[in-house]
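Structure first, commentary second.
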Amino acid sequence: MCVRCAHSTDGGVVPAALLSSSELRGRVVLCMRSLRCQMTEFEASAEPLQEWLNSAEVRVQESSARLHDLSAKKQELGKLQVIIERLRFQICHV
Numbered sequence: 006m007c008v009r010c011a012h013s014t015d016g017g018v019v020p021a022a023l024l025s026s027s028e029l030r031g032r033v034v035l036c037m038r039s040l041r042c043q044m045t046e047f048e049a050s051a052e053p054l055q056e057w058l059n060s061a062e063v064r065v066q067e068s069s070a071r072l073h074d075l076s077a078k079k080q081e082l083g084k085l086q087v088i089i090e091r092l093r094f095q096i097c098h099v
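All the letters of the sequence shown, read from the start, carry residue numbers 6 to 99 under the numbering used here.
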């Protein structure tokens, strides 16, 4: 809901100038509660992704620490390419 207009109970739009200050305040409070609820749901849905990203970062750092010679680098590259293919497959089949 923007400050200039607000939805009426019958689904129409009422100009904010026609609302009393208490009605407008009440609608703003409801809107803020709705936004807070949406933000909480968004944060909850983002947590698993953040955990996955953190663990991926750790794996990459561990992988980099093991790469001392060319053969180790080639072996690690192969492993990472397999992981990338799995991720592509998962993304395409979601």
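Backbone N, C-alpha and C fix where the C-beta goes; we use that ideal spot for every residue, glycine too.
Could you tell me which whole beta strand (DSSP E) segments of length 3 or greater appear in the region 16 to 71?
18 to 20
Inter-residue Cα distance where the pair is residue 66 and residue 77:
15 Å
Pull up the distance between the alpha-carbon of residue 55 and that of residue 95, whole angstroms please.
18 Å
Do you know how far the Cα of residue 39 is from the Cα of residue 30?
14 Å
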